[in-house]
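> This is the structure I want to talk about, given as structure tokens.
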Amino acid sequence: MPELPEVETVVRGLRDTIIGQTIARVSSDWDNSFPNSDQSVADYLIGATIERISRRGKIIRIDLDSGWALLVHLKMTGQLVYDLDRFPDSTTRVILTFDDQTKLYFNDQRKFGWMRLIDQALISSFDGIQRLGPEPLSDRFTWEVLRERAVRHARSSIKATLLNQTVLAGMGNIYTDEALFLAKVHPARLTGSLSEAEFRRIHQSIRQVLQHSIDLGGSSRQNYLMVDGSKGDYLDEPYVYGRQGQPCRVCDSR
DNA sequence: CAACGCGCCTGCTAGC
DNA sequence: TGCTAGCAGGCGCGTT
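For what it's worth, our numbering labels the leading residue of the first sequence as 9, then goes sequentially.
This is the structure:
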């Protein structure tokens, strides 16, 4: 499932391939995957050129020279891949065709994800973005910021708190498990019971696992693919995620 | 407000 | 062997 490192990897891949491309056509096989009206597509997408690509939490933002943007959330099984022979397939929900006839495929087996057109002026108030917590790899994300935002959820487990996108943006199941393991904090611990030292360790571990995974191109446990169709390497070496019953990588027990 | 349960989806799999 | 119930899981929404 794409989390922050996977989404960041996709963003970097898109920058290398589709900036400067002009959109000639769009097609979609599922309304929830691409909910915009034909009118907004005609007015703000067709004929528009891609100017910039960025990320906020797990949401990808593709800015167009029409003043609008495409936002994409990959949710569980989404992929954005560029001009690969093996697509489209039964999971392809949206196809953007560019002026040079190359294509960007938005594939999403389970249809939880979406791609939508939005006026750039409305993005900061868009519900899925407005309430997002800080970016964990930014300088402004200190351990004090983490603690201050987390303790509002004192009676939730620390795992549930870290998964809450309004506390911090971009964590999912894999990296939450990994970060808590490295910080030596049990995921079921109540957020309100954690010490300053534990918050410091969790903060450090979050940044460490996210940066390490970005360096390796993300995880590919389920459906995640990079823009060029290749897989990331992080899950070749997880500490805990998907390793139930296997030997501990630190002490060899169990 | 926080916390929690549900629904959205498809495909894999454990259990019969 | 073939069927089905259960599960995976981010996140918006309604309810408590």
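Beta carbons: idealized from backbone N, C-alpha and C, even for Gly.
1. Kindly identify the DSSP beta-bridge partner or partners of Arg124.
2. Can you tell me which of Val248, Glu16, Asn172, Tyr113 puts its alpha carbon nearest to the alpha carbon of Arg64?
3. Classify Asp185 as buried or exposed, calling it buried when 16 or more other Cβ atoms lie within 10 Å of its own Cβ.
4. For Phe189 and Val248, what's the separation of their Cα atoms in angstroms?
5. If I follow the unbroken alpha helix (DSSP H) through Ser221, where does it start and stop?
6. Could you say if the stretch 99-107 and the stretch 22-31 meet the contact criterion of at least three C-beta pairs nearer than 8 Å?
7. If we count the other Cβ atoms within 10 Å of its Cβ and call it buried at 16 or more, is Leu53 buried or exposed?
8. Here's a check: name, in chain order, each residue in its chain whose Cβ is nearer than 6 Å to the Cβ of Ile214, leaving out the five neighbours to either side.
9. Quick one: what does DSSP say Gln173 is sitting in, helix, strand or coil?
10. Pick helix, strand or coil for Asp71, following the three-state DSSP scheme.
11. Enumerated in chain order, which unbroken segments of the alpha helix (DSSP H) with a length of 4 residues or greater are wholly contained in the stretch 128-165?
12. Going by beta carbon distance, what residues of the same chain come within less than 6 Å of Thr85, once the five residues before and after it are set aside?
13. For Arg257 and Ala56, what's the separation of their Cα atoms in angstroms?
14. What does the Cβ neighbour count give for Leu130, buried or exposed, with the cut at 16 atoms within 10 Å?
15. By Cβ distance, which residues of its chain are closer than 8 Å to Gln128, with the 5 residues on each side in sequence left out?
16. Quick one: what does DSSP say Ser35 is sitting in, helix, strand or coil?
17. Taking only the alpha-carbon atoms, compute the straight-line gap between Asp263 and Asp236 and give it to the nearest angstrom.
18. Kindly indicate which residue of Leu79, Asp39, Leu233 has the alpha-carbon position closest to the one of Leu125.
19. Sorted by chain position, which residues of the same chain lie with C-beta nearer than 8 Å to Asp51's C-beta, five sequence neighbours on each side aside?
On the basis of the data shown:
1. Locating residue 124 in the first sequence gives position 116, counting from the first residue. Leu79, per the DSSP bridge assignment.
2. Indexing the first sequence from 1 puts residue 64 at position 56. Residue Glu16 is the option with its Cα nearest to Arg64.
3. Counting from one through the first sequence, the residue named residue 185 turns up at place 177. Buried: at least 16 other Cβ atoms inside 10 Å.
4. For the purposes of this step, residue 189 is identified with residue 181 of the first sequence, where counting begins at 1. For the purposes of this step, residue 248 is identified with residue 240 of the first sequence, where counting begins at 1. Cα-Cα distance, rounded: 7 Å.
5. What you label residue 221 is simply residue 213 of the first sequence in a count that begins at 1. 204-224 is the extent of the alpha helix (DSSP H) around Ser221.
6. yes
7. Numbered from 1 along the first sequence, position 45 holds the residue referred to as residue 53. Leu53 should be labelled buried.
8. For the purposes of this step, residue 214 is taken as residue 206 along the first sequence, with counting starting at 1. For Ile214, where only same-chain residues beyond five positions count, the Cβ hits under 6 Å are Pro144, Ala187.
9. The residue you call residue 173 lines up with position 165 of the first sequence. Of the three classes helix, strand and coil, the one that applies to Gln173 here is coil, per DSSP.
10. Counting from one through the first sequence, the residue named residue 71 turns up at place 63. Strand at Asp71.
11. 135-138, 151-158
12. Translated into the one-based positions of the first sequence, residue 85 becomes position 77. Hits under 6 Å: Asp116, Gln117, Arg118, Asn231.
13. On the first sequence, position 249 is the one that residue 257 refers to. On the first sequence, position 48 is the one that residue 56 refers to. If I take the Cα positions, the gap works out to 50 Å.
14. Counting from 1 along the first sequence, the entry for residue 130 is found at position 122. With fewer than 16 Cβ atoms within 10 Å of its Cβ, Leu130 is classed as exposed.
15. On the first sequence, residue 128 is found 120 positions in, with the first residue counted as 1. Asp71, Gly75, Trp76, Ala77.
16. Taking the first sequence and counting its residues from 1, one reaches residue 35 at position 27. It is a strand residue.
17. The structure shown has nothing for residue 263, since the chain only spans 9 to 262.
18. Position 117 of the first sequence, counting from 1, holds the residue named residue 125. Minimum Cα distance to Leu125 is reached at Leu79.
19. Here residue 51 refers to the residue found at position 43 when the first sequence is read from its first residue. Ser74, listed in sequence order.
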